[in-house]
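First residue of the sequence shown? That's 395 in the numbering used here, and the numbers climb one at a time after it.
A virtual CB, placed ideally from N, CA and C, is assigned to each residue, including glycine.
All values derive from a computational prediction rather than experimental measurement.
Okay, so here's the structure we're looking at.
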Amino acid sequence: MTTQHHDAIEVELHNQAQEAVKASERKLAQFLDAVPVGVIVIDATGKPYFTNQKAQELLGKGVVSSATILELAEVYQYYVAGTDQIYPVENLAIVRALRGEHATVDDLEIHQGDKIIPIEAWGTPIYDESGNITYAIAAFKDITERKRAQDALRQAEEKYRSIFENALEGIFQTTPDGRYINANPALAQLYGYNSPQELMETLSEIEHHLYVNPNRRHTFVELMEKQGAVSGFESQVYRKDGSIIWISENARAVYDDNGVLLYYQGFIEDITERKQAEAQREQFTDVLYQLNQANQRFVPHQFLQLLNKQSIVDVQLGDQVQLDMSILFADIRNFTTLSEKMTPEDNFKFINAYLGRMEPVIRENNGFIDKFIDDEIMALFSGSADDAVQAGIKMLRRLAAYNTTRTTEERPPIHIGIGINTGSLMLGTVGGSQRMDGTVISDAVNLASRLEGLTKEYGVSLLISHHTFVRLNHPIEFAFRIIDRVKVKGKSKMVSVFEVFDADPLELRAGKLVTKATFE
Numbered sequence: 395m396t397t398q399h400h401d402a403i404e405v406e407l408h409n410q411a412q413e414a415v416k417a418s419e420r421k422l423a424q425f426l427d428a429v430p431v432g433v434i435v436i437d438a439t440g441k442p443y444f445t446n447q448k449a450q451e452l453l454g455k456g457v458v459s460s461a462t463i464l465e466l467a468e469v470y471q472y473y474v475a476g477t478d479q480i481y482p483v484e485n486l487a488i489v490r491a492l493r494g495e496h497a498t499v500d501d502l503e504i505h506q507g508d509k510i511i512p513i514e515a516w517g518t519p520i521y522d523e524s525g526n527i528t529y530a531i532a533a534f535k536d537i538t539e540r541k542r543a544q545d546a547l548r549q550a551e552e553k554y555r556s557i558f559e560n561a562l563e564g565i566f567q568t569t570p571d572g573r574y575i576n577a578n579p580a581l582a583q584l585y586g587y588n589s590p591q592e593l594m595e596t597l598s599e600i601e602h603h604l605y606v607n608p609n610r611r612h613t614f615v616e617l618m619e620k621q622g623a624v625s626g627f628e629s630q631v632y633r634k635d636g637s638i639i640w641i642s643e644n645a646r647a648v649y650d651d652n653g654v655l656l657y658y659q660g661f662i663e664d665i666t667e668r669k670q671a672e673a674q675r676e677q678f679t680d681v682l683y684q685l686n687q688a689n690q691r692f693v694p695h696q697f698l699q700l701l702n703k704q705s706i707v708d709v710q711l712g713d714q715v716q717l718d719m720s721i722l723f724a725d726i727r728n729f730t731t732l733s734e735k736m737t738p739e740d741n742f743k744f745i746n747a748y749l750g751r752m753e754p755v756i757r758e759n760n761g762f763i764d765k766f767i768d769d770e771i772m773a774l775f776s777g778s779a780d781d782a783v784q785a786g787i788k789m790l791r792r793l794a795a796y797n798t799t800r801t802t803e804e805r806p807p808i809h810i811g812i813g814i815n816t817g818s819l820m821l822g823t824v825g826g827s828q829r830m831d832g833t834v835i836s837d838a839v840n841l842a843s844r845l846e847g848l849t850k851e852y853g854v855s856l857l858i859s860h861h862t863f864v865r866l867n868h869p870i871e872f873a874f875r876i877i878d879r880v881k882v883k884g885k886s887k888m889v890s891v892f893e894v895f896d897a898d899p900l901e902l903r904a905g906k907l908v909t910k911a912t913f914e
């Protein structure tokens, strides 16, 4: 083989090798162009050697082969993030890579006219077979969205911190086992501490150090475990000085990505004034109720209902209504004689013992007391006349039971007379501007009083008028007989009077029934 031929072969092999290298470089360039991050390569002197398509897009230009290492930042418009200051060349990731560093920077911006692109870059040195740095490569990407997210997060954190520090409500974070991990100034002030730090150091066991009733913390945790949140959770707690206040908690449980409970966080409001107001309102309501009950003992609610009034406050002097009602008068026989033998105290005890037995009977039969006149009772019944007659019978039976007790105590029995009449009357208020009373006015009232007086003359216990008799819905249920026909003062017509003897002793009652026809 001639020397000329040998040289030709070497040239051919060299050309083939060069072509292979170029093909390899083209393929590598294609690979790098497909990478979604920018890639730039500089040689050992710092001159740009290669940029992929993404790099050209981000830089706004490709390889500037004339640029020196000192001109890289200015040529490619590298700036310190957030400033108009050219980025120091020696701090560029790719330049640091030429010094043998594996460097990362994220405080870099590329300016393209009015467009600013925040960048994160990674620089890596490339060595030859001898270990010499021949190139430096840097990969970099647009981190605009990440920066926005970071800025948004920072702003949110600043906003939260501002709210946390300046909120009027107490804000807290506590561990499930009852320790504070965060508290704001408002909470410290609420509990009487100088700072959140002092609060958290002092209240190391919330269950025992804070709550007046330690079980409230246990209940709080139970609700959190079941519901994940609480709203309006009210408790009494101790302040630093030992005083007690009421608080309301609104809180929720916070978990990590794996569902593990981290802490409870929420708001606390001082509701002491509200609780005091509620207590005062309840006390006031109770006082009003007691006053209303007391008023009803003087002015029966039935009286107000008949006047179509909701409350005694609504009653005016002269209010009146005309109604058909039954009037019952009951009086103790010979009360004056009995009274003279008793002290004033005994008189009142006796009267109240008697009236206390009679009044419930009247109420139980749909009537109400209009007034007490010494030992006399005046009661009204707005319903059936049967109610009034039943009340009279049961009053006599209740009296018989009372007399049994009095006999046992060696006290004399007492006797009463009852008169009942039914008719039209006027019910209303009379008196003056500073003192008025409820009353009824009519001849029907006078006749009822007259009948009660006649019980003494006829020696019977219960008399009713013809007006009442004809108003009875169930007259056959009563034992009665006609006693007489009497003249009423101011009236020309005689009025029939009936005795009702259901309450008489059995033998006397039976005798009256047997002789009823003959007697009448």
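Inter-residue spacing [alpha-carbon to alpha-carbon] between residue i and residue j
i: Thr909; j: Phe892; result: 15 Å
i: Asp522; j: Ile488; result: 17 Å
i: Val514; j: Asn609; result: In the sequence on display, residue 514 carries Glu and not Val. Those two C-alpha atoms are separated by around 55 Å.
i: Gly476; j: Gly454; result: 20 Å
i: Val415; j: Asn446; result: With a pLDDT of only 49 at Val415, under 50, the local geometry of the prediction cannot be trusted, and the value read off the model is given with reservation. Distance between the alpha carbons of Val415 and Asn446 is about 18 Å.
i: Val681; j: Arg675; result: 10 Å
i: Asn840; j: Ala673; result: 51 Å
i: Leu732; j: Arg903; result: 28 Å
i: Tyr554; j: Gln479; result: 32 Å
i: Arg548; j: Leu617; result: 33 Å
i: Pro869; j: Phe863; result: 7 Å
i: Phe661; j: Gln544; result: 27 Å
i: Glu739; j: Ala747; result: 12 Å
Residue i - DSSP class collapsed to helix/strand/coil
i: Gln447; result: helix
i: Tyr521; result: strand
i: Thr462; result: coil
i: Gly750; result: helix
i: Gly822; result: strand
i: Phe762; result: strand
i: Ser733; result: helix
i: Phe913; result: helix
i: Lys881; result: strand
i: Leu834; result: In the sequence as presented, Leu is not what sits at residue 834; that position holds Val. Here Val834 sits in strand by DSSP.
i: Leu907; result: helix
i: Lys535; result: strand
i: Ile929; result: Because residue 929 is not part of the residues shown, which for the chain are 395 to 914, the question remains open.
Integer Cβ distance of residue i from residue j, believed to fall under 8 Å
i: Leu604; j: Tyr632; result: 6 Å
i: Thr538; j: Ile504; result: In fact, because the Cβ distance is near 11 Å, the residues do not count as touching under 8 Å.
i: Glu821; j: Gln714; result: The sequence given here places Leu at residue 821; Glu does not occur at that position. With 8 Å as the limit, Leu821 and Gln714 qualify as a contact, their Cβ atoms being about 7 Å apart.
i: Tyr529; j: Ala461; result: Not quite, the Cβ-Cβ distance comes to about 15 Å (not below 8 Å), so this is no contact.
i: Thr781; j: Asn760; result: One detail in the question is off: residue 781 reads as Asp in this sequence, not Thr. Indeed they touch by this definition, with Cβ atoms about 5 Å apart.
Contact check, residue i vs residue j, beta carbons under 8 Å
i: Glu663; j: Glu563; result: yes
i: Val606; j: Gln630; result: yes
i: Ser720; j: Ala779; result: yes
i: Leu722; j: Ile808; result: no
i: Ala917; j: Glu595; result: Because the chain spans 395 through 914 in this model, residue 917 falls outside it and cannot be assessed.
i: Gly572; j: Arg540; result: no
i: Val854; j: Ile876; result: no
i: Ile787; j: Asp896; result: yes
i: Leu866; j: Val783; result: yes
i: Asn815; j: Ala842; result: yes
i: Ile810; j: Arg757; result: no
i: Gly494; j: Ile527; result: yes
i: Met789; j: Ala873; result: no
i: Ala623; j: Ala645; result: yes
i: Asp769; j: Phe742; result: no
Residue closest to residue i, alpha-carbon to alpha-carbon, out of the options
i: Thr498; options: Ala532, Glu465, Pro512 and Leu492; result: Ala532
i: Lys448; options: Gly456, Lys441 and Thr912; result: Gly456
i: Pro442; options: Glu451, Gly826, Tyr852 and Ala467; result: Ala467
i: Lys535; options: Leu821, Asn760 and Asp501; result: Asp501
i: Leu584; options: Leu866, Lys634 and Glu465; result: Lys634
i: Ile767; options: Leu749, Val654 and Gln784; result: Leu749
i: Arg490; options: Val458, Leu845 and Ile463; result: Ile463
i: Gln716; options: Gly525, Ala543, Gly817 and Asn746; result: Gly817
i: Arg829; options: Glu753, Asp764 and Leu711; result: Leu711
i: Phe627; options: Glu551, Thr849, Gln471 and Ile641; result: Ile641
i: Arg800; options: Ile527, Phe744, Gly525 and Ile876; result: Phe744
i: Leu845; options: Gly825, Thr823 and Val889; result: Val889
i: Val894; options: Asn644, His860, Gly825 and Thr912; result: His860
i: Thr569; options: Leu907, Tyr658 and Val474; result: Tyr658
i: Ile600; options: Thr798, Ile557, Asn759 and Tyr574; result: Tyr574
i: Gln506; options: Tyr529, Tyr472 and His602; result: Tyr472
i: Arg792; options: Asp898, Val624, Ser836 and Leu848; result: Asp898
i: Leu819; options: Gly825, Glu451 and Phe775; result: Phe775
Chain B within 8 Å of residue i, Cβ atoms only
i: Leu426; result: Absence of chain B from the displayed structure is noted, only one protein chain being present.
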